[in-house]
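S.K.: So that we are looking at the same thing, I have put the structure below in structure tokens.
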């Protein structure tokens, strides 16, 4: 592999991590019957996974600068509000769904895709530290992407998207990772100051999406204790997972 | 808070914990302010008050977890077990006290025992917050003071909701304020006991940090948020939670 340009290598590693996101759709191959209870549970699990992911993001962002991270988070919240407003004004379709279901799926895919941009920067910047750790970083990020694919599939699958479709959209949402990793790898110094803003943006957008769409719907359709337990336990699991990685 | 730094060697730390948490409990009385001069408040306000209180608790859970994960006694396994115990403790106290389906913001509930149940749930709720303050004090007395301040501010909107319920049941405003402070005495008690015990047995620290984080988070999810969504718009609730969370995280990040 020594003939390959390091930037191409970063791209290929990034692509491998993006493909891993598709694995998150797998558990849904085994869930046949999708009742409102299942939708509520899936929403709760997606909420826990996303809040857990933000736990790590915010920690990384505030390491680089608390004010910048919070500024980014505010922009993330405004981004969701603006996207919501835009989607409300349009009759959106997503696969077989229209209306509220389609809006939620679009929001989920958009948010997870946009959040991958800052993850891509983080990947590229970490490769910038030297290629000796490349394989370990790639495996770590690939594994970290699987629950994100699970979160996307948990929103898409109960609303009528096929398992293959869930895998496809999961991979799509991670494509910004290889795309952003390359310039971030080549121009580490230029990208580094933007990192806390980007990470804050991703965290703000994800937290707000959980509290404005996923959780209220989960509480409407599921039992209060079941939903709360699923969110809490998934969140703890996600944080543990990130710590062990 | 550098202006406090030279006072620490002269004041007994247990007294410091007692003083900080007592002030936090007293601060709760300010929660009746929105009720002055009116019989009841709009239910939307109760939703926002709960959402703000919940956001501050989630922000606090985050900063305590971060302090635990970055500190010297960084132990992931006991921390996780502690978090599971904290979640289980909240689940179990709701089950055992028969309050697992109770809604804490009903203004037209005329069952006689409803008022007592609401007071009981609020007292249990404050106990977990006391554990959080106590364990933060063990990590660092200044961090603990920050936590006590966050909990003090968050006590006010919680008492706004409690006082609205008590007022609707005929209690006087001053009595509602006093009961609001009293439900937070468990916060003082648990903070002091946890501080004393964990200081004496530092090996318990990761476990108790996990417990505090799990309990705070689960309280928000099971007590505060579901009711908030029912009485106010989803966007306003989400904004209240995220803003309160962000402020706690920012203040801690700037102070550190």
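Protein chains in written order, with my numbering: chain L, 1 to 245; chain X, 1001 to 1256.
We put the CB at the ideal spot given by N, CA and C, even for glycine.
(1) Just the C-alpha distance for residue 1227(X) and residue 1104(X), rounded to the nearest angstrom, thanks.
(2) Using a cut-off of 9 Å between C-beta atoms, extract the partners of residue 70(L) located in chain X.
(3) With a 10 Å radius around its C-beta and 16 neighbouring C-beta atoms as the bar for buried, classify residue 189(L) as buried or exposed.
(4) Whole angstroms are fine: how far does the CA of residue 1133(X) sit from the CA of residue 1093(X)?
(5) Restricting to Cα atoms, I'd like to know which of 72(L), 11(L), 24(L) is closest to residue 206(L).
(6) Alpha carbon to alpha carbon, what distance is there between residue 1044(X) and residue 1238(X)?
(7) Among 1203(X), 1102(X), 1254(X), which residue has its Cα nearest to the Cα of residue 1078(X)?
(8) Classify residue 97(L) as helix, strand or coil using the three-state DSSP reduction.
(9) Within 10 Å of its beta-carbon, does residue 88(L) have 16 or more other beta-carbons around it, so buried, or fewer, so exposed?
(10) Answer with yes or no whether the minimum CB distance from residue 216(L) to chain X is below 8 Å.
(11) Using 8 Å as the threshold, is the C-beta distance between residue 221(L) and residue 36(L) below it?
(12) Express the C-alpha separation of residue 17(L) and residue 1193(X) in angstroms, rounding to a whole number.
(13) For residue 1065(X), which option in 1229(X), 1231(X), 1212(X), 1251(X) has the closest C-alpha, if you only look at C-alpha atoms?
(14) How long is the line joining the alpha carbons of residue 1144(X) and residue 1018(X), rounded to whole angstroms?
(15) Looking at the secondary structure, which residues open and close the alpha helix (DSSP H) in which residue 193(L) lies?
(16) Rank 1248(X), 1210(X), 1011(X) by C-alpha distance to the C-alpha of residue 1259(X) and give the top, closest one.
(17) Is there at least one Cβ from chain X nearer than 8 Å to residue 55(L)'s Cβ?
(18) Mind checking if residue 1002(X) is an interface residue toward chain L, Cβ cutoff 8 Å exclusive?
(19) Take residue 4(L) and list the residues in its own chain whose beta-carbon comes closer than 6 Å to its own, dropping the five residues that flank it on each side.
(20) If the cut-off is 7 Å on Cβ atoms, which residues from the stretch 1203-1234 of chain X count as contacting chain L, listed in chain order?
(21) Quick check for students: name the residue ranges of the alpha helix (DSSP H) that lie wholly in the stretch 1131-1196 of chain X, counting only runs of 4 or more.
(22) From residue 1089(X) to residue 57(L), what does the alpha carbon distance come to, in whole angstroms?
(23) So, with DSSP's three-state summary, where would you put residue 104(L)?
(24) Would you say residue 232(L) lies against chain X (beta-carbon separation less than 8 Å)?
(25) Go through its chain and collect everything with a Cβ distance to residue 141(L)'s Cβ below 7 Å, but skip five positions before and after it.
(26) Compile a chain-ordered list of the residues in the stretch 1093-1109 of chain X whose CB is closer than 7 Å to at least one CB of chain L.
(27) Please classify residue 1101(X) as buried or exposed, where buried requires at least 16 other C-beta atoms within 10 Å of its C-beta.
(28) Can you say whether residue 1036(X) is buried or exposed, counting buried as having 16 or more other CB atoms within 10 angstroms of its CB?
(29) Does residue 1184(X) pass the burial test, meaning 16 or more other C-beta atoms within 10 Å, or should it be called exposed?
(30) What is the rounded straight-line gap between the Cα of residue 108(L) and the Cα of residue 152(L)?
(31) If you measure beta-carbon to beta-carbon, which residues of the stretch 1055-1068 of chain X are closer than 8 Å to chain L?
(32) Express the C-alpha separation of residue 144(L) and residue 1059(X) in angstroms, rounding to a whole number.
(33) Where does residue 1002(X) sit, in a helix, a strand or coil, going by DSSP?
(34) Spell out whether any CB of chain L is found under 8 Å from the CB atom of residue 1275(X).
(35) So the alpha helix (DSSP H) residue 5(L) belongs to, where does it begin and stop?
M.R.: With the given structure in hand:
(1) Mapped onto the second chain, residue 1227(X) falls at position 227. Mapped onto the second chain, residue 1104(X) falls at position 104. Each residue's Cα considered, the two are about 8 Å apart.
(2) As a first step, residue 70(L) is located in the first chain; it is residue number 70 there, counting from the start. Those within 9 Å of residue 70(L) in chain X are 1246, 1247, 1249, 1250, 1253.
(3) Taking the first residue of the first chain as 1, we reach residue 189(L) at position 189. Residue 189(L) is exposed by the Cβ-count criterion.
(4) Against the second chain, residue 1093(X) aligns to sequence position 93. Against the second chain, residue 1133(X) aligns to sequence position 133. If you take the alpha carbons of residue 1093(X) and residue 1133(X), they lie about 20 Å apart.
(5) For the purposes of this step, residue 206(L) is identified with residue 206 of the first chain, where counting begins at 1. Looking at the Cα atoms, 72(L) is the closest of the given residues.
(6) For the purposes of this step, residue 1238(X) is identified with residue 238 of the second chain, where counting begins at 1. For the purposes of this step, residue 1044(X) is identified with residue 44 of the second chain, where counting begins at 1. Straight-line Cα distance between these residues: approximately 13 Å.
(7) As a first step, residue 1078(X) is located in the second chain; it is residue number 78 there, counting from the start. The candidate whose alpha carbon is nearest that of residue 1078(X) is 1203(X).
(8) Working through the first chain from its first residue, we reach residue 97(L) at position 97. Looking at residue 97(L) - three-state DSSP - the assignment turns out to be strand.
(9) Against the first chain, residue 88(L) aligns to sequence position 88. By the 10 Å Cβ count, residue 88(L) comes out exposed.
(10) Residue numbering aside, residue 216(L) sits at position 216 when the first chain is read from its first letter. Yes, because at least one Cβ of chain X sits closer than 8 Å to the Cβ of residue 216(L).
(11) For this step, residue 221(L) is matched to residue 221 along the first chain. For this step, residue 36(L) is matched to residue 36 along the first chain. Yes, these two residues count as a Cβ contact at 8 Å.
(12) Taking the second chain and counting its residues from 1, the one referred to as residue 1193(X) is at position 193. Taking the first chain and counting its residues from 1, the one referred to as residue 17(L) is at position 17. Roughly 48 Å between the two C-alpha positions.
(13) Taking the first residue of the second chain as 1, we reach residue 1065(X) at position 65. Minimum Cα distance to residue 1065(X) is reached at 1212(X).
(14) One-based indexing of the second chain puts residue 1144(X) at position 144. One-based indexing of the second chain puts residue 1018(X) at position 18. Straight-line Cα distance between these residues: approximately 11 Å.
(15) Stepping through the first chain from its first residue, residue 193(L) is reached at position 193. That residue, residue 193(L), is in no alpha helix (DSSP H); it is neither H nor E in DSSP.
(16) For chain X, the structure presents residues 1001 to 1256; residue 1259(X) sits outside this window and is missing.
(17) To locate residue 55(L), count along the first chain from 1; it is residue 55. Yes, contact with chain X.
(18) Within the second chain, residue 1002(X) is the residue found at index 2, counting from 1. Residue placement at residue 1002(X) is flagged as unreliable, the pLDDT there being 45, under the threshold of 50; the coordinate-derived value follows with that caveat. With a threshold of 8 Å between beta carbons, residue 1002(X) makes no contact with chain L.
(19) As a working note, residue 4(L) is residue 4 in the first chain. Once the five neighbours on either side are set aside, residue 4(L) has no close Cβ partner at all.
(20) Taking 7 Å as the upper bound on Cβ-Cβ separation, chain L lies near residues 1214, 1217, 1218, 1221, 1222, 1225, 1226, 1229, 1234 of the stretch 1203-1234 of chain X.
(21) 1141-1168, 1173-1183
(22) The count along the second chain starts at 1 and reaches residue 1089(X) at position 89. The count along the first chain starts at 1 and reaches residue 57(L) at position 57. Each residue's Cα considered, the two are about 28 Å apart.
(23) Working through the first chain from its first residue, we reach residue 104(L) at position 104. Note: residue 104(L) maps to helix in three-state DSSP.
(24) Within the first chain, residue 232(L) is the residue found at index 232, counting from 1. It does: the Cβ of residue 232(L) has a partner Cβ on chain X nearer than 8 Å.
(25) The residue you call residue 141(L) lines up with position 141 of the first chain. Once the five neighbours on either side are set aside, the close Cβ partners of residue 141(L) are 17, 123.
(26) Against chain L - using a Cβ distance shorter than 7 Å - the residues of the stretch 1093-1109 of chain X are 1100.
(27) Translated into positions along the second chain, residue 1101(X) becomes position 101. Counting Cβ neighbours within 10 Å, residue 1101(X) comes out exposed, since fewer than 16 surround it.
(28) Here residue 1036(X) refers to the residue found at position 36 when the second chain is read from its first residue. Exposed: under 16 other Cβ atoms inside 10 Å.
(29) Locating residue 1184(X) in the second chain gives position 184, where the first residue counts as 1. The residue in question, residue 1184(X), is buried, as its Cβ has 16 or more Cβ neighbours within 10 Å.
(30) Position 108 of the first chain, counted from the start, is the residue given in the question as residue 108(L). Position 152 of the first chain, counted from the start, is the residue given in the question as residue 152(L). Between residue 108(L) and residue 152(L), the C-alpha separation is close to 7 Å.
(31) 1062, 1065, 1066
(32) For the purposes of this step, residue 1059(X) is taken as residue 59 along the second chain, with counting starting at 1. For the purposes of this step, residue 144(L) is taken as residue 144 along the first chain, with counting starting at 1. About 23 Å.
(33) Residue mapping note: residue 1002(X) aligns to position 2 of the second chain, counting from 1. Caution applies to residue 1002(X), whose pLDDT of 45 falls short of 50 and renders its modelled position unreliable; the value that the coordinates give is listed next. In this structure, residue 1002(X) counts as helix in the three-state DSSP scheme.
(34) Any property of residue 1275(X) remains undetermined from this structure, which presents chain X solely from 1001 to 1256.
(35) The residue labelled residue 5(L) in the question sits at position 5 within the first chain. No alpha helix (DSSP H) contains residue 5(L), which DSSP labels as neither H nor E.
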